[in-house]
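Worksheet: the structure to be examined is printed underneath.
2 protein chains.
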Amino acid sequence: MVAVMHSEHPSAIPQNGRSGRPRSVEADGAILRATREALVELGWSKVTVGDVATRAGVAKTTLYRRWAGKNELVVDAVAVLFDELELPDLGSLAADVESVVLRFAALLDRPETRTALMAVVAEATRDEALRRRIRTAIVDRQKCLVLEGRARAQARGELPYEDDPAAAARNADLIFDVIAGAVVHRTLVSAEPVDAGWARGFTVLLLSGLASLQR
Amino acid sequence: MVAVMHSEHPSAIPQNGRSGRPRSVEADGAILRATREALVELGWSKVTVGDVATRAGVAKTTLYRRWAGKNELVVDAVAVLFDELELPDLGSLAADVESVVLRFAALLDRPETRTALMAVVAEATRDEALRRRIRTAIVDRQKCLVLEGRARAQARGELPYEDDPAAAARNADLIFDVIAGAVVHRTLVSAEPVDAGWARGFTVLLLSGLASLQR
DNA sequence: GAGTTACGCTACGGCCCGTAGCGAAAGCCG
DNA sequence: CGGCTTTCGCTACGGGCCGTAGCGTAACTC
């Protein structure tokens, strides 16, 4: 198993020395796009590396020079989708939470995301390297949204500033797992829609629970 | 794709007519046990149907007579594990919730469960039949725990009886997704342990949120 | 131009899938 | 008991995909 570093563009890295033909940057984009396209059409289990390469207009060997296998490829292909997630300032914590819940749900509605996310997480239960990749490519980036939302709420006076930084970190992690977990579970396991009504109910539950946490 | 009904013992069903050699009931058990064993050792992606058959001491053809493929097989193999989940009456809603959270987490700690659950959910995003199978074999059975806990809490006077049955059902679904989702996300995505401290914090958040939901 | 690296292409051994065909075994029934 | 039916274990097979190797060519640096 060759270690391939993660990056928006794997081609940016591999050239240890300097000389030689540079890796085609367009190829990376084409491969990732082709991966998402294949995921939509076929689902995780039926996607083959060979097929992705063909769709991307690239030789299979070229693909294998950049990614070690299907898992790594799919993580990178899907990771960029999560960058869409933003936390717009809507003036109140409740509105902010509701909006991010709906945005996250919309993201999970896209077939490439729902399929890939679970499959990759499943594979990661047996693969430490893959777990790290998911962590840096997806989880950590999203956790920032929690911190951002809390900071804003504190600035507004909706939440108290916390004295104990350890407790504050624990709470942030808890909130993150509750929000992301509930949305994912609702969408993928219960297989029911996250609509405005659900988002409202969930937000009410979360926020009043949150208030009592920090008292 | 041949439709195979779900049951604890698939062999109980297939005999359309009557006469002929009956299916070996031990074989079913051996196959399911072998499936779980293989999942622990190899992880989802490396488990092969042929290997499972060999471990079970059964011909591959025999296995294919009962299950259509890897997905169906694994769902059934893992479903029985969820039957362990119970809701002991510990005298208070908080204690009940905390205990079920820890039990659920312990279940997800077992490698065969964590690996299989996510993989099957992932596959189900593209397979309606599989989704139904998961629903009846796993989800619905667990949802009962929520109803049971609520009924007990209401009997204790910890929660009000709800007038609107539709709202009550919505709330139960919400609670279910929040509990199961948070635990799953914490263990499998964030990859951090669900210990007593986390369970306590989560329960506090949930219960105080819950109180405000029904006001 | 010389050196280096990536490219597309082809071909390969190996593994696994899912099915078919066989004779033997295990039940039911007259 | 002998016939009927269905499952059993076994073997064999075509087909698909994996991941790698080897080739000649293309692109870029010094």
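Each protein sequence line maps, in turn, to chains R and P. All residue numbers for the first sequence refer to my numbering, where the first residue is 1 and numbers rise by one. All residue numbers for the second sequence refer to my numbering, where the first residue is 1 and numbers rise by one. Cβ atoms here follow ideal geometry from the backbone N, Cα and C, with glycine treated the same way.
Do we get a CB-CB distance below 8 Å when we pair Ser45/R with the residues of chain P? Yes, contact with chain P.
Determine the direct distance from the alpha carbon of Arg110/P to that of Leu159/R, and round the result to whole angstroms. 38 Å
Using only CA atoms, which one of Arg23/P, Leu147/P, Thr125/P lies nearest to Glu192/R? Thr125/P
Cβ-based burial, Glu26/P [other Cβ within 10 Å; buried from 16]: exposed
Quick one, are the C-beta atoms of Leu205/R and Leu39/P less than 8 Å apart? Taking 8 Å as the Cβ cut-off, Leu205/R and Leu39/P do not qualify as a contacting pair.
Ile31/P to Trp67/P span [Cα, whole Å]: 10 Å
Alpha carbon to alpha carbon, how far is Thr187/P from Phe82/R? 20 Å
Shorter than 8 Å from the beta carbon of Leu174/P to some beta carbon of chain R? For Leu174/P, at least one C-beta of chain R is nearer than 8 Å to its own C-beta.
With distance defined between alpha-carbon atoms, name the residue in Leu210/R, Asp195/R, Thr136/R nearest to Val75/R. Thr136/R
Would you kindly report the start and end of the unbroken alpha helix (DSSP H) that includes Leu85/P? Counting along the chain, Leu85/P falls outside any alpha helix (DSSP H), and DSSP gives it neither H nor E.
Should Thr35/R and Val52/R be called a contact, given that it needs their Cβ atoms to be closer than 8 Å? In this structure, Val52/R lies closer than 8 Å to Thr35/R by Cβ.
Three-state secondary structure assigned by DSSP to Gly149/P: helix
By how many angstroms is the C-alpha of Arg103/P removed from the C-alpha of Asn71/R? 30 Å
Got a sec? Which residues, its chain only, sit under 8 Å from Val101/R by beta carbon, not counting five neighbours each side? Ile179, Val183, Val194, Ala199, Phe202, Thr203
DSSP three-state label for Pro193/R, please. coil
Less than 8 Å between the beta carbons of Ala116/R and Trp44/R, yes or no? yes
Given Ala56/P, which residues of its chain have a CB within under 6 Å of its CB, disregarding the five upstream and five downstream residues? Ala30, Ile31, Ala34
What are the residues in the region 102-122 of chain P lying within 9 Å of chain R by C-beta distance? Pro111, Arg114, Thr115, Ala116, Leu117, Met118, Ala119, Val120, Val121, Ala122
is_contact[Ser208/P, chain R] using C-beta, thresh 8 Å: Flagged as an interface residue toward chain R: Ser208/P, by a C-beta distance shorter than 8 Å.
Return no unless some Cβ of chain P is closer than 8 Å to the Cβ of Val178/R. Yes - at least one Cβ of chain P is within 8 Å of the one on Val178/R.
Could I get the ranges of all uninterrupted alpha helix (DSSP H) runs contained in the region 32-109 of chain R, with 4 residues as the minimum, in chain order? Listed in chain order, the complete alpha helix (DSSP H) runs (minimum 4 residues) inside the region 32-109 of chain R are 49-56, 60-64, 70-82, 93-109.
In whole angstroms, what separates the C-alpha of Ala94/R from that of Ala153/R? In a straight line, the C-alpha of Ala94/R is about 9 Å away from that of Ala153/R.
What's the C-alpha gap between Arg133/P and Arg21/R? Whole-angstrom Cα-Cα distance: 52 Å.
Taking only runs of the alpha helix (DSSP H) that begin and end inside the region 109-183 of chain R, which ones reach a length of at least 4 residues, in chain order? Listed in chain order, the complete alpha helix (DSSP H) runs (minimum 4 residues) inside the region 109-183 of chain R are 111-124, 128-134, 140-156.
Under 9 Å, CB to CB, which of the residues in the region 194-206 of chain P have a partner in chain R? Gly197, Trp198, Gly201, Phe202, Val204, Leu205, Leu206
Please decide whether Ala38/P counts as near chain R, where near means a Cβ-Cβ distance under 8 Å. Chain R, which has no Cβ nearer than 8 Å to the Cβ of Ala38/P, makes this no.
Considering only C-alpha positions, which residue in the set Leu107/R, Gly197/R, Asp164/R, Ala151/R is nearest to Asn171/P? Gly197/R
Taking Cβ positions only, does Leu147/P come closer than 8 Å to chain R? no
Count the other CB atoms, across all protein chains shown, that sit within 10 Å of the CB of Val4/P; report buried if there are 16 or more and exposed otherwise. Because Val4/P carries a pLDDT of 39, less than 50, the predicted location of this residue cannot be relied on, and the following value inherits that uncertainty. Classification for Val4/P: buried.
C-alpha gap between Lys143/R and Leu108/R, whole angstroms: 17 Å
Cβ closer than 8 Å: which chain R residues qualify as neighbours of Ser190/P? Going along chain R in sequence order, the residues near Ser190/P (Cβ under 8 Å) are Val139, Asp173, Phe176, Asp177.
Beta-carbon gap between Asp96/P and Gly50/P smaller than 8 Å: no
Just confirm the distance between the C-beta atoms of Glu41/P and Val78/P, as a whole number of angstroms; I'd bet it's less than 8 Å. The Cβ separation is near 15 Å, so there is no contact.
Within the 8 Å Cβ cut-off, does Leu73/P reach chain R? no
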